[in-house]
Each structure stands twice: as structure tokens, then as C-alpha cells.
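Novice: The sequence shown maps to residues 7 to 259 in our numbering. Before we start, here is the structure in question, set down as C-alpha cells.
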Amino acid sequence: MDSPDRKLTEPDAREPLAPAQPTPSLPETDAVESLLRLVVGAAALGADELLKRLREWEAEVLYSPHHSAPLPAETPAVRARYALIGLLFLASRAARDTAVDFANYSEKQANNAYNLLSGFARTPVIGILARPMKAGVDALLRTRDRELERWIRIGRVEERDGRRIATMGIEELSREVVDAISKNDKLKTAISNLVQQQSLDLTGEMVDDLRQSAKDADDRIEAAIWRLLGREPQRFDASSSSQSRKNRTANKP
């Protein structure tokens, strides 16, 4: 006789298992955040790799004894570009160091103030009163000119180094792309097939153009001969000729 404990272990006496709960799907907002998180992470990794390579390129360019090719002639437009580049670099350094040491007046404002004080200075009484102010404006203009030349010098150097860094980066990335293609058999096969197909298409177009050019030249020569003979050019119908040739073949015993 089975014991009560034995009955509890029988399959029909066990408690039924709870059905598996379906995995809850993420809300739409969570999916968007997940995608955004992935994009941010990929951008961070890409930025880290880019900064690493930039440091390597800069170390090779900025401390290399080799000199780059001479820059183009300094026209007013080129000097203005150098000044803008220099201003950008100085502004970046000022933002990083939280110390802005640029003049606060633009060239137009300084020139207007200078012209105004120069006009007042032409009168004897006002000239005496305005002379100290005019001296201050002159000093401001000299400071502005020195600052502008400083921008140009910085921009000239940074553009030269930037050209070399960009050239080095393009060459290195091009080599890496070529190496990656050479090591990928599937990609090499796909590119080879694409090149062959393009070559066949181009060859077919060239043959068609050559045939059309030969036909046009043949027609012009034939028309000239008929004109020399004083007769109207006879048009050759290829379709009718082919049909008559088929009829002759069919009538043969």
C-alpha cells in the first residue's frame, strides 16, 4: 500500500507549472533611447579613434624636419583667409583657457572713431581737448594692426600644417581601404565583376558607335557616287532583302 508521501510525488498530484510569461517588449521611447545610445557610443568610439590618429599625424607633421611646399602668393584675399584662420585658432585657445585677449573694437568702429576725432582736432580749441583722446585712438589702431598681423601669422602656419595633416590622413586612409579590399575575397570578386561588366558595356557601346559611323560614311559615299552618275540614290531596304532571301530559300527543292 502506498504511503501518503508517495502519492504526493505522483505526476497527477503535482502542482501545475505556471505558464511562461512573454518577454515584455520595450516601449517606443526606450527603443528610441537605445538607438540614440548606440549612436552616441559609436560617435564616441569614432571620435576617440580620430583623435588618436590626429595626434599621431600632428606629431609627425609638427615635429618633422621636412618642409612642405611653399604656400601660394599672399594676395589680400589670402591674407584675409589667414587672418580668419588665426582668429579661429586664437578663439579656440581663449575659450579653452577662459582668457580672451582680443581687442573689443572692430576695424570699422576704430576707423569711425579715428575720423571723428581727426575732424574735431582740426579746430584749435577742440583740438587741444581732443588731442589726448586722439592719441588713445592711435594707440588702439596700432594695437589693432599688430593683432591683425598676429592673426595672419598664426593662420599662415596653421594652414600649412593643416594641409600636411590632411594630406597624410587621406593617404593613410586610402592605403587602409585598399588593404581592406585586397584582404576581402568577396569584395574583390564583386569589384572585378563590376569592372568586367562595365568594360563589356563600354566595348558594346564603342562597337555600336563604330558600326553607325561606318554606315553613315558608307551612305555618304554611295550618295556622292550616285550624284556623280546623275541618278537618284537608291535606298536599300534591309528588311525586304532579308524577306526575299528567305522566300528564295523556301522555294528551293
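Glycine residues also receive a C-beta, built at the ideal position from the N, C-alpha and C atoms.
Could you tell me the distance, in whole angstroms, from the CA atom of L234 to the CA atom of A223?
Specialist: Within the sequence shown, numbered from 1, the residue matching residue 234 stands at position 228. Within the sequence shown, numbered from 1, the residue matching residue 223 stands at position 217. Taking the straight line from one Cα to the other gives about 17 Å.
Novice: Alpha carbon to alpha carbon, how far is R230 from V213?
Specialist: Along the sequence shown, one-based indexing puts residue 230 at 224. Along the sequence shown, one-based indexing puts residue 213 at 207. According to the sequence displayed, residue 230 carries Ala and not Arg. Each residue's Cα considered, the two are about 26 Å apart.
Novice: Please classify E182: does DSSP put it in a helix, a strand, or coil?
Specialist: Counting from 1 along the sequence shown, the entry for residue 182 is found at position 176. Here E182 sits in helix by DSSP.
Novice: Can you tell me whether V67 is buried or exposed? The criterion is at least 16 other CB atoms within 10 Å of its CB, across all chains shown.
Specialist: Mapped onto the sequence shown, residue 67 falls at position 61. The residue is buried, with at least 16 neighbouring Cβ atoms inside 10 Å.
Novice: Since I160 and L96 are thought to touch, with beta carbons under 8 Å apart, how far apart are those beta carbons, to the nearest angstrom?
Specialist: In the sequence shown, residue 160 corresponds to position 154, counting from 1. In the sequence shown, residue 96 corresponds to position 90, counting from 1. That belief holds up - the Cβ atoms of I160 and L96 are roughly 7 Å apart, short of 8 Å.
Novice: DSSP three-state call for A172: helix, strand or coil?
Specialist: As a position in the sequence shown, residue 172 is number 166, starting the count at 1. Reduced to three states, the DSSP call for A172 is helix.
Novice: Identify, in the order they occur along the chain, each residue of the same chain with its Cβ nearer than 8 Å to the Cβ of M174, setting aside the five sequence neighbours on each side.
Specialist: Stepping through the sequence shown from its first residue, residue 174 is reached at position 168. These residues qualify, in order along the chain: W63, E66, V67.
Novice: Taking the alpha-carbon positions, what's the G47 to A83 distance?
Specialist: Counting from 1 along the sequence shown, the entry for residue 47 is found at position 41. Counting from 1 along the sequence shown, the entry for residue 83 is found at position 77. Distance between the alpha carbons of G47 and A83: 41 Å.
Novice: For the alpha helix (DSSP H) containing G210, list its first residue and its last residue.
Specialist: Here residue 210 refers to the residue found at position 204 of the sequence shown. Start and end: 191-234.
Novice: Give me the Cα-Cα distance between I91 and R169, rounded to the nearest whole angstrom.
Specialist: As a working mapping, residue 91 is identified with position 85 in the sequence shown. As a working mapping, residue 169 is identified with position 163 in the sequence shown. Those two C-alpha atoms are separated by around 13 Å.
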